[in-house]
Amino acid sequence: MIDSLKQVLCKFGLPRLTIMLFLVALLVVATINHLPTSMLLGNSLVRIGMNGVMVLAMVPSVQSGAGLNFGLPIGIIAGLIGMLVVMEFRLTGFLGLAIALLVACVLGIAAGYLYGLVLNRVRGQEMMIGTYAGFSIVSGMCMFWLLAPFKNPEMIWVVGGKGLRMTLAVGDSLSGILDRFWGFTLFGVKVPTGLLLVFAVACLLMGVFFKTRLGISMRIAGANPAFAVSCGINVDKMRILGTVLSTALGAMGMVIYCQSLGYVQLYTAPLMMAFPAVAAVLIGGATARKADVLNAVLGTVLFQTLLTIALPVTRSVIEGDISEVAKTIISNGMILYALTRKEGDG
Amino acid sequence: MKEGVQVKEGLRVKEPLRVKEQLHVKELLRRNAVPALFLCMCVLGVLISGQNIRYIAQELISRLARNWFLVLSLIIPVTAGLGLNFAIVLGAMAGQVGLIVATHCKLPGLVGLITAVVLSIPIAILLGISAGHVLNKARGREMITSMMLGFFANGLYLLVFLFMVGTVFPIDNPEIVLDTGVGLRGTIELKYCKYALDNLLRIKVLGINIPVGSFAVVIALCFGMRWLYKTKLGQELRAVGQDMGVASVAGINVDRTRVIAMVLSTVLAAIGQVIFLQNMGTINTFNSHQQIGTVAIASLLVGGASVTSATVGQGLIGTLLFQLLFIVSPAAGQRLMGNAQIGEFFRVFIGYGIIAVALLIHSWGRKSSLESASRQAMMKEEAKTTGSM
């Protein structure tokens, strides 16, 4: 009896359990302190939808054997460019969103292909190279934002008439377009139906993809490269495919993130964005070698709910905004924990 | 300095030379390609920026005084095969804690500095030991782990100094604590001990102020490291860096040696950060330590070091070139593109970019240190089985 319990615990994972208990404790404190629970849950739902696709982006990269995609900022930049193009031409509504997603996807695929080529040469060091490739691209793009030929006066600095601003408002018709789509209120909880629907569809497609021939070959290539070669699978190609999928998903995830946030944040804002996404999928029970859609969904739900609820709850107990600090500690601690474990190979 | 030699030898190629010597020159150039490239960029930058040479020299001297020590703290882990130690951030934090306490107690001048160092060393040793143990669990992924360790520790640092000061630790000092009574101020002026080391002895050469005290400490460190590598411990560090398997068979306690390397590096980084901040005069409480890792590592790499080999000379030259580029790039950006911010972004980009490129070159088809680690495990197993027989 105790043994089987232990087994369940092992399978479930200590960090996941800790975070769940923490979450329950926070919810209890929230209800005791009469915080507006329905609003908190609504906000959590929005944040789950906002970040979900970027977390999902980790899955193909891990499955293909390229490890956790610390180079997510490469995709994020592609997503930002997609948003900027739409804003420059003042496209609105669903047409605007579709074009932003399309541009992001195309750029993401191109960037992901190049990134995949690099990753194939540096096996075993993907995480480190990915992190610094991401950092370099984000800081290199800082120069691009200053010099980019955008003309829309709402986007560029008023003084000097050149260079994009730090934070750009997305515009009324585009901001929150998915959140409002089919949105309804249930027991005082605002449900961002469109946003969650997009995340659900993305998860579904990803799940279906891994059931196809190509998806299965990719999983084999990631799980056991030697066996994959003997099956006639081109491992290098599969790794590139995984990286391309991951980068493109990251790009589209960023577009979804921006429309929900209502702002496009440029310059150094995307620098650290890979880490929460990596942490989320790890919290969901993934390792550097094994991750599935369920891990991504569960991880996003746990992590984002925790972060959303932690802020007002801690504020009711102590002063100041502890949420950012909590995010730093939890996400980096989670990644550190995963790195020091044996399965974390890669 | 090395570049000077190279150029001279390059000129001499015109004279008839034996093939062997020509090869030697090529080899020398190949080996020092990175510093040579950065030297060219620096020269171009200086020319384009059109800044006063005396201003540049003064700026450079003061930047060298504050950065050299920190950069040198990276070398020991590289020798021990731990790669670039992104966790010197931990040491920097320890140094800052020491300085904050010294400022809180209003200790003046050198007394304050020495107190800060003395306080920070035990913290740094503790952090170094834990970092070493964590890295021992993450063989083959030491660098990413040390980086995440830095980020994680930064979170804890924020937690302590933003929320626990004034609530858990009863510190009531309006000079360093926010008006609300909780959390430290974003910038803390080191009123009592700033410039203490620099002002110990200043010499003016050609109108340039030289803080001899800081340089003396750096020179002492250089000799100290030279001495260290001659001792038994130094040899063990090297052996572990070359091959953990062989070292372990030779009877060296690999895990312990690696922990010692991390402790040394962390302690040196703590002292380095104290030197750095006394030269700056203010602490950016929540930012000062964060850039340290990237800047120091980029400096070392600019000097031609790699993930597996780094020397004191490379650290010194690399810092010189990197800081020179740092000084001139905003003005060069202003002249070239009409925007000083371009130059600022450019130097950040160079910092990250050089690390990315160095890591790329290092991993491009190399045998991973994972193999070395697994070989060690294998040999241990073998030793066990033979022992039991």
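So the protein sequences, as listed, match chains A and B. So the first sequence is numbered by my numbering: it starts at 595 and just counts up by one. So the second sequence is numbered by my numbering: it starts at 2 and just counts up by one. We put the CB at the ideal spot given by N, CA and C, even for glycine. Note that the structure is a prediction, hence the values are computed from the model and not measured.
Taking I211 (chain B) as the centre and dropping the five residues before and after it, the same chain places the C-beta of I62, R203 and I204 closer than 7 Å to its C-beta, in chain order.
Boundaries of the beta strand (DSSP E) harbouring I189 (chain B): T188 to E190, taken from the DSSP string.
Look at Q859 (chain A) here: in three-state DSSP terms it is strand. By the Cβ neighbour-count rule, L780 (chain A) is exposed, with fewer than 16 other Cβ atoms within 10 Å of its own. C-alpha of A932 (chain A) to C-alpha of G339 (chain B): approximately 46 Å in a straight line.
Around the beta carbon of N53 (chain B), fewer than 16 other beta carbons sit within 10 angstroms, so the residue counts as exposed.
For V119 (chain B), same chain residues with a beta-carbon under 8 Å away, outside a window of 5 residues either side, are G99 in chain order. Rounded to whole angstroms, the gap between the alpha carbons of L321 (chain B) and R257 (chain B) is 34 Å.
Sequence-distant partners of Y158 (chain B) (beyond 5 residues in either direction) whose C-beta falls short of 6 Å from its own C-beta, in its chain, are M94. Per DSSP, the continuous beta strand (DSSP E) segment holding A763 (chain A) begins and ends at T761 to A763. Rounded to the nearest angstrom, the Cβ distance from L768 (chain A) to Q859 (chain A) is 15 Å, too far for a contact under 8 Å. In the assembly as shown, L695 (chain A) is a buried residue. Its beta-carbon has 16 or more other beta-carbons within 10 Å.
For N637 (chain A), the enclosing alpha helix (DSSP H) has its first and last residue at T631 to L650.
Only those residues of the stretch 810-827 of chain A whose C-beta falls short of 7 Å from the nearest C-beta of chain B would be listed, and there are none.
Here M735 (chain A) is buried: its Cβ has 16 or more other Cβ atoms, across all protein chains shown, within 10 Å.
Closest option to R239 (chain B), judged by alpha-carbon separation, among B:C223, B:R259 and B:N200: B:R259. The three-state reading of DSSP puts N818 (chain A) in coil, since its state is none of H, G, I, E or B. One Cα belongs to V296 (chain B), the other to G352 (chain B), and the distance between them is close to 6 Å. Within the stretch 288-308 of chain B, no residue has its Cβ closer than 7 Å to any Cβ of chain A. The three-state secondary structure of R684 (chain A), taken from DSSP, is coil. Interface with chain B (8 Å Cβ-Cβ cutoff): F778 (chain A) is excluded. Buried is the label assigned to V166 (chain B), since at least 16 other Cβ atoms lie within 10 Å of its Cβ. Taken in chain order, the members of the stretch 154-186 of chain B whose beta-carbon sits within less than 8 Å of a beta-carbon on chain A are N155, G156, L157, L159, L160, L163, F164, T168, T181, V183 and G184.
For H628 (chain A), the number of other beta carbons within 10 angstroms of its own is below 16, and it is reported as exposed. Taking the Cα of E60 (chain B) as reference, the smallest distance to any Cα among B:H290, B:L325 and B:G156 is reached at B:L325. Residues of chain B whose Cβ lies closer than 8 Å to the Cβ of N714 (chain A) do not exist, since the nearest Cβ in that chain is about 10 Å away.
For V219 (chain B), no beta strand (DSSP E) segment is defined; the enclosing uninterrupted segment is the alpha helix (DSSP H) at V213 to K231.
M737 (chain A) is a Cβ neighbour of F346 (chain B), given a cutoff of 8 Å. Chain B has no Cβ within less than 8 Å of the Cβ of M760 (chain A).
Taking a Cβ-Cβ threshold of 7 Å, none of the residues of chain A is close to F327 (chain B); the smallest such distance is about 14 Å. Within the stretch 338-349 of chain B, M338, N340, Q342, I343, F346, F347 and V349 place their CB atoms closer than 8 Å to a CB of chain A, listed in sequence order. Put simply, of A:A672, A:L620 and A:S598 the residue whose alpha carbon is nearest the alpha carbon of L843 (chain A) is A:A672.
Runs of the alpha helix (DSSP H) spanning 4 or more residues and lying entirely within the stretch 123-189 of chain B occur at 143-159, in chain order. In the DSSP annotation of this structure, the continuous segment of the beta strand (DSSP E) that includes N285 (chain B) starts and ends at T283 to N285. By the C-beta criterion, the stretch 112-131 of chain B is judged to be in contact with the stretch 188-203 of chain B, since at least 3 inter-stretch pairs fall below 8 Å. CA-to-CA, the gap between L876 (chain A) and G893 (chain A) works out to about 7 Å.
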